[in-house]
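Okay, so here's the structure we're looking at.
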Amino acid sequence: DVKVTQSSRYLVKRTGEKVFLECVQDMDHENMFWYRQDPGLGLRLIYFSYDVKMKEKGDIPEGYSVSREKKERFSLILESASTNQTSMYLCASSFGAPNYGYTFGSGTRLTVV
Amino acid sequence: SQQGEEDPQALSIQEGENATMNCSYKTSINNLQWYRQNSGRGLVHLILIRSNEREKHSGRLRVTLDTSKKSSSLLITASRAADTASYFCATDPDQGGSEKLVFGKGMKLTVNP
Chain A
86 DVKVTQSSRY
96 LVKRTGEKVF
106 LECVQDMDHE
116 NMFWYRQDPG
126 LGLRLIYFSY
136 DVKMKEKGDI
146 PEGYSVSREK
156 KERFSLILES
166 ASTNQTSMYL
176 CASSFGAPNY
186 GYTFGSGTRL
196 TVV
Chain B
-1 SQQGEEDPQA
9 LSIQEGENAT
19 MNCSYKTSIN
29 NLQWYRQNSG
39 RGLVHLILIR
49 SNEREKHSGR
59 LRVTLDTSKK
69 SSSLLITASR
79 AADTASYFCA
89 TDPDQGGSEK
99 LVFGKGMKLT
109 VNP
């Protein structure tokens, strides 16, 4: 069964900590994406990557960075966690164009205290 | 940036009834997709309809697409309590080279037993 795996379902971190959210896919997908989801705001794209070592900013990249050293792994980094980064984080992957759909991970609910 | 808008934002029905959700979008598209999200989980791809298709079926799901009105509808027939979830439409914009889907904010369906 093909899947996207996010390393943690729940995470609690302190303000100012550096936080790593890991995402791994086993489908040989070119594209990988990080979203955050907040009530009433829907899914907002943070960063995406079309290939290894390539990254592009999404709609809300401030306070985040990403790393894609291998095709199957896409990491989201919160350089200095803040309480307004408390959210549900969703990773997704897809083949290249045409876009026939994303496969999502189960999500990581991050709480910054 | 969000293109799709689901309507209504919330729907509550009885088990066995049909549920209809609508989605409107703004730009020309290659395809439109519907996703389901169970509470606290990732999104799951349900069905895709291409821009040159008008209707598509998958099990109890029926999707229609009207590109002249830039709208789509998702019909779930004979609903079950297990259909309780949030539903999102997502469009694949017809703007060369873009491989990002654009998601709506989602709508919550509650099916009461």
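Top to bottom, those sequences are chains A and B. Numbering follows the working numbering, with no gaps: position 29 of the first sequence is 114. Numbering follows the working numbering, with no gaps: position 94 of the second sequence is 92. We treat Cβ as the ideally placed atom computed from N, Cα and C, and that holds for glycine. As the structure is a prediction and not an experimental result, all values here were calculated from the model.
Starting from the C-beta of residue i, find all residues in its chain whose C-beta is less than 6 Å away, skip the five residues before and the five after it, and write them out in chain order.
{"i": "A/V104", "result": "K98, L163 and A166"}
{"i": "A/E154", "result": "none"}
{"i": "A/S152", "result": "S160"}
{"i": "A/T188", "result": "V89 and S178"}
{"i": "B/F86", "result": "Y33, F101, G102 and G104"}
Cutting at 7 Å between CB atoms, please list the residues of its own chain near residue i, excluding the five before and the five after it.
{"i": "A/K142", "result": "Y132"}
{"i": "A/G181", "result": "E115 and N116"}
{"i": "B/R52", "result": "T62 and L63"}
{"i": "B/S77", "result": "I11, E13, G14, E15, N16, A17 and V109"}
{"i": "B/S(-1)", "result": "Its pLDDT being 41, under 50, B/S(-1) is placed unreliably in this model, and the value from its coordinates should be taken loosely. V100."}
Which one of the options has the shortest CA to CA distance from residue i?
{"i": "A/V197", "options": "A/S92, A/E102, A/T90 and A/V89", "result": "A/E102"}
{"i": "B/A80", "options": "B/E97, B/D5 and B/T108", "result": "B/T108"}
{"i": "B/D5", "options": "B/T18, B/K68, B/Q12 and B/G14", "result": "B/T18"}
{"i": "A/S160", "options": "A/G186, A/G127, A/D123 and A/G190", "result": "A/G190"}
{"i": "A/Q122", "options": "A/S92, A/E147 and A/S172", "result": "A/S172"}
{"i": "A/G148", "options": "A/T168, A/E157, A/M139 and A/E107", "result": "A/T168"}
{"i": "A/W119", "options": "A/Y95, A/P183, A/E107 and A/Y185", "result": "A/E107"}
{"i": "A/K138", "options": "A/R158, A/Y95 and A/R194", "result": "A/R158"}
{"i": "B/N20", "options": "B/E97, B/S84 and B/P111", "result": "B/S84"}
Apart from the five residues just before and just after residue i, which ones in its own chain have a Cβ nearer than 8 Å to its Cβ?
{"i": "B/D92", "result": "T25, S26, I27, N28 and S49"}
{"i": "B/L99", "result": "Q31, A88, T89 and D90"}
{"i": "A/Y135", "result": "E115, N116, E141 and G181"}
{"i": "A/I145", "result": "R121, R129, L130 and I131"}
Short-range partners of chain A found in the region 39 to 66 of chain B, where Cβ spacing is below 8 Å: If the cut-off is 8 Å between Cβ atoms, the region 39 to 66 of chain B has R39, G40, L41, V42, H43 and L46 near chain A.
Is the region 61 to 78 of chain B touching the region 43 to 51 of chain B in the sense that three or more CB pairs, one from each, lie closer than 8 Å? Taking a cut-off of 8 Å on C-beta distances, the region 43 to 51 of chain B touches the region 61 to 78 of chain B, as three or more cross pairs fall below it.
May I ask you to list, following chain order, the residues of the region 180 to 194 of chain A that have a beta carbon less than 8 Å from some beta carbon of chain B? Only G181, A182, P183, N184, Y185, G186, Y187, T188, F189, G190, S191, G192 and R194 from the region 180 to 194 of chain A bring a Cβ to less than 8 Å from some Cβ of chain B.
Of the residues that make up the region 65 to 96 of chain B, which ones have a beta carbon closer than 7 Å to any beta carbon in chain A? Of all residues in the region 65 to 96 of chain B, only D90 come within less than 7 Å of chain A when Cβ atoms are compared, listed by chain position.
Can you give me, in chain order, the residues of the region 23 to 36 of chain B that have a beta carbon less than 7 Å from any beta carbon in chain A? Of all residues in the region 23 to 36 of chain B, only N28 and Q31 place a beta-carbon less than 7 Å from a beta-carbon of chain A.
Give me the subset of the region 109 to 125 of chain A whose CB atoms are less than 7 Å from a CB atom of chain B, sorted by chain position. Here the close residues are N116.
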